[in-house]
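As given, the protein sequences belong to chains A and P, one line each in that order. Just so we're on the same page, the working numbering is the position in the first sequence counted from 1, plus 1154. Just so we're on the same page, the working numbering is the position in the second sequence counted from 1, plus 588.
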Amino acid sequence: MKFQFQFEPVFAQLGIILQGALLTIELSAGAIVLGFVVAVLLSAVRAMGPRWAGWLVDAYVELLRNTPFVVQLFMVFFGLPELGIRLSATQAALLAMTLNLSAYATEIIRAGVESIHHSQLEAGYSLALTSRQVFQHVVLVPAVAKVWPALSSQFVLMMLASSITSFISVQEISGAAAVIESRSFRSIETYLVATAIYLGLALALKLILFTIGRFAFPRVSGLARVQTKGEAA
Amino acid sequence: MGLGLSEVSFLFESAGWTLLLTVIAFLSGGVIGGFVAILRLSRNRVVSGATTVYIQVLQSIPVLMILFLSYYGLALAGLELPPLIAASISLGLYVSAYLAEIWRGSIEAVPYQQWEASSSLALTPTQQYAHVILPQAIRISLPPTVGFLVQLVKNTSIVSVVGFVDLARAGQLLNNAFFQPFRIFGTVAAIYFLICFPLSRLSRYLERVFHAGRRR
């Protein structure tokens, strides 16, 4: 028996999967923005806060980085109601994604912060900047500029990992694909279409993040490039 | 209540399956990834282009999709595979793309003069790889490879969708029976942490040791 691809039953329900794509975009955009903001705040606490607060941030980062996203998702969706916090599946997905991404982003920004030479801080203080100003202008922005490529790939990985939220019945691309599969019985065709959409989204997101990096850090990214060239030599 | 010793030992038992899956996926993905890394560096444009596409595509789609596609694809090919093997194959594909990219970077990080010196000693490309380049590249690649191993352990947690009972799935099963999500998934998370945290530390340690000379 020879298998024949039949995409028509899948394309007939393309609307469902496109709605799923919209939800994937919304969840990813929300988690990227929120996760990045939380990561910046945590980095500020690590850099300027008291020592014990820094240890708390480290523990937060290590806990989230060394446990699977699925389990974090289950903790938020099934575990929080036990504590009286009830979230919809989509809210739980956004919260879990934000927590997960914030930990990875904090760790990436840490590498950038450590790469800032001490003399830069001294130069900042000698210009009578306050410690907050030094952190913001001398440490944070150059650090983020340096690690922007790493942050970008983490953002893309988060978008891809959003597929896992279908485990708690969120109707993003994978969840929508599961619905279509159960209606059309065309498994491989359904997942080929879903995969193609993910591929398109990933490439688009990479392009957007690259463009943002170019515009947000025009001067500094040029500097960073020169420095990495120097390191390689 | 009702969550006792036998439930916890059930979790640890399924953690064994998670580890076995990790090892098989890492080994099979490592073999493919090694070949892909070397082909990626080929001077033949078609070969390096095709492997670049292979890596880029696999890195731009969710592991879940790789899992579904290879699962249904294998079924279409008429292969009735046990869940462990099906899951290992899909995870192996995912692993191969990431390891290929890590290892390509490691091979490229070996100074170019090493190639020139070894070719001036009339070594063939195979001999160059085997005796000069790879021994140095493997050293460079160790920290990121161990770091990726952590990602792999965590990503094995999605194989429950093809009916494989790993640690995460065992947690779901227990939760369906006892409905104590916080305690059960907390324990599951703790077991994953016990596996992953030492590996993360090892990766960081290797990084420090191998790059001691480059530190300021």
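Glycine included, every Cβ here is placed at the ideal spot set by N, Cα and C. These numbers were taken from a predicted model, which means no experiment stands behind them.
Measuring only between beta-carbons, confirm whether residue i sits less than 8 Å from chain P.
| i | result |
| --- | --- |
| A/Leu1346 | yes |
| A/Ala1358 | no |
| A/Phe1371 | no |
| A/Ile1318 | yes |
| A/Arg1379 | Any answer about A/Arg1379 is weak, because its pLDDT of 48 lies below 50 and its placement is not dependable; what the coordinates show is given next. It does not; no Cβ of chain P falls within 8 Å. |
| A/Thr1382 | Note that A/Thr1382 scores 43 on pLDDT, short of 50, meaning its location in the model is unreliable; the coordinates nonetheless yield the value given after this. It does not; no Cβ of chain P falls within 8 Å. |
| A/Ala1387 | Only weak support exists for where A/Ala1387 lies, its pLDDT of 30 falling under 50; the value from the coordinates is given anyway. No - not a single Cβ of chain P is within 8 Å of the one on A/Ala1387. |
| A/Gly1376 | Residue placement at A/Gly1376 cannot be trusted, given a pLDDT of 49 that sits under 50; what the coordinates show is reported in the next sentence. Output row for A/Gly1376: interface = no. |
Is the CB of residue i under 8 Å away from at least one CB in chain A?
| i | result |
| --- | --- |
| P/Tyr660 | yes |
| P/Ile746 | yes |
| P/Asn763 | yes |
| P/Ala674 | no |
| P/Ala685 | no |
| P/Tyr769 | Here residue 769 of chain P turns out to be Pro, not Tyr, going by the sequence shown. It does: the Cβ of P/Pro769 has a partner Cβ on chain A nearer than 8 Å. |
| P/Ala777 | yes |
| P/Val785 | It is worth fixing the name first, because residue 785 of chain P is Phe in this sequence and not Val. Answer yes: the Cβ-Cβ gap between P/Phe785 and chain A drops below 8 Å somewhere. |
Along chain P, in chain order, which residues have C-beta atoms closer than 7 Å to that of residue i?
| i | result |
| --- | --- |
| A/Thr1349 | Ile649, Met653, Leu657 |
| A/Val1224 | Ser745, Ile746, Ala756 |
| A/Glu1236 | Pro769, Phe770 |
| A/Ser1341 | Tyr660 |
Can you pull the chain A neighbours of residue i, defined as C-beta to C-beta under 8 Å?
| i | result |
| --- | --- |
| P/Phe781 | Leu1217, Asn1220, Thr1221 |
| P/Pro732 | Here the premise fails: no neighbours, minimum Cβ distance about 12 Å. |
| P/Ser788 | Glu1216, Arg1219, Asn1220 |
| P/Phe773 | Val1225, Phe1228, Met1229, Phe1232, Gly1233 |
| P/Val645 | Leu1353 |
Who are the neighbours of residue i on chain P, taking C-beta pairs under 8 Å?
| i | result |
| --- | --- |
| A/Tyr1352 | Ser648, Ile649, Pro650, Met653 |
| A/Phe1157 | Leu664 |
| A/Leu1314 | Ser648, Ile649, Pro650, Val651 |
Would residue i and residue j be called neighbours here (beta carbons separated by less than 8 Å)?
| i | j | result |
| --- | --- | --- |
| A/Arg1340 | A/Pro1222 | no |
| A/Gln1308 | A/Tyr1258 | yes |
| A/Leu1181 | P/Ile649 | no |
| P/Ile533 | P/Ser684 | Residue coverage of chain P in this structure runs from 589 to 804, which leaves residue 533 of chain P outside it and unanswerable. |
| P/Leu787 | P/Val738 | yes |
| A/Ser1316 | P/Met653 | no |
| P/Leu577 | P/Ala674 | Residue coverage of chain P in this structure runs from 589 to 804, which leaves residue 577 of chain P outside it and unanswerable. |
| A/Ile1327 | A/Ile1171 | yes |
| A/Thr1344 | A/Ala1331 | yes |
| P/Phe656 | A/Glu1216 | no |
| A/Met1229 | P/Ala758 | no |
| A/Ile1342 | P/Tyr660 | yes |
| A/Leu1241 | A/Phe1231 | yes |
| A/Ser1269 | A/Leu1196 | no |
| P/Ala725 | P/Ser706 | no |
| P/Pro870 | P/Leu794 | The displayed coordinates of chain P run from 589 to 804. Any statement about residue 870 of chain P would go beyond what the structure contains. |
| P/Ile779 | P/Leu761 | no |
Tell me where the alpha helix (DSSP H) around residue i begins and ends.
| i | result |
| --- | --- |
| A/Pro1303 | 1295-1315 |
| A/His1272 | 1272-1280 |
| A/Ala1201 | 1168-1202 |
| P/Gly592 | That residue, P/Gly592, is in no alpha helix (DSSP H); it is neither H nor E in DSSP. |
| P/Leu740 | 722-743 |
| P/Tyr717 | P/Tyr717 -> no alpha helix (DSSP H), and no H or E assigned at all. |
| A/Gly1233 | Note, A/Gly1233: premise wrong, no alpha helix (DSSP H); not H, not E. |
| A/Glu1335 | 1327-1338 |
| P/Ile772 | 769-798 |
| A/Ile1366 | 1341-1370 |
| A/Val1224 | 1223-1228 |
| A/Asp1212 | 1205-1219 |
| A/Val1423 | In the structure displayed, chain A extends from 1155 to 1387; residue 1423 of chain A sits before or after that span and is not available. |
| A/Thr1284 | Taken as a continuous stretch (DSSP letters only), A/Thr1284 belongs to no alpha helix (DSSP H), as it is neither H nor E. |
By the criterion of Cβ-Cβ separation under 9 Å, what are the contact partners of residue i in chain P?
| i | result |
| --- | --- |
| A/Leu1275 | Under the 9 Å cutoff, chain P gives no residues; its nearest Cβ is about 15 Å from A/Leu1275. |
| A/Ser1328 | Pro650, Leu652, Met653, Phe656 |
Which residues of chain A have a Cβ atom closer than 9 Å to the Cβ of residue i, listed in chain order?
| i | result |
| --- | --- |
| P/Val738 | Arg1219, Asn1220 |
What residues from chain A crowd round residue i, counting only those whose CB sits closer than 7 Å?
| i | result |
| --- | --- |
| P/Val596 | Within chain A, no residue comes near P/Val596; the closest Cβ sits about 16 Å away, beyond 7 Å. |
task: Output the residue ranges of the alpha helix (DSSP H) runs that lie fully inside the region 626-674 of chain P and measure 4 residues or longer, sorted by chain position.
output: 633-647, 651-664
- prompt: Taking only runs of the alpha helix (DSSP H) that begin and end inside the region 676-710 of chain P, which ones reach a length of at least 4 residues, in chain order?
  reply: 700-708
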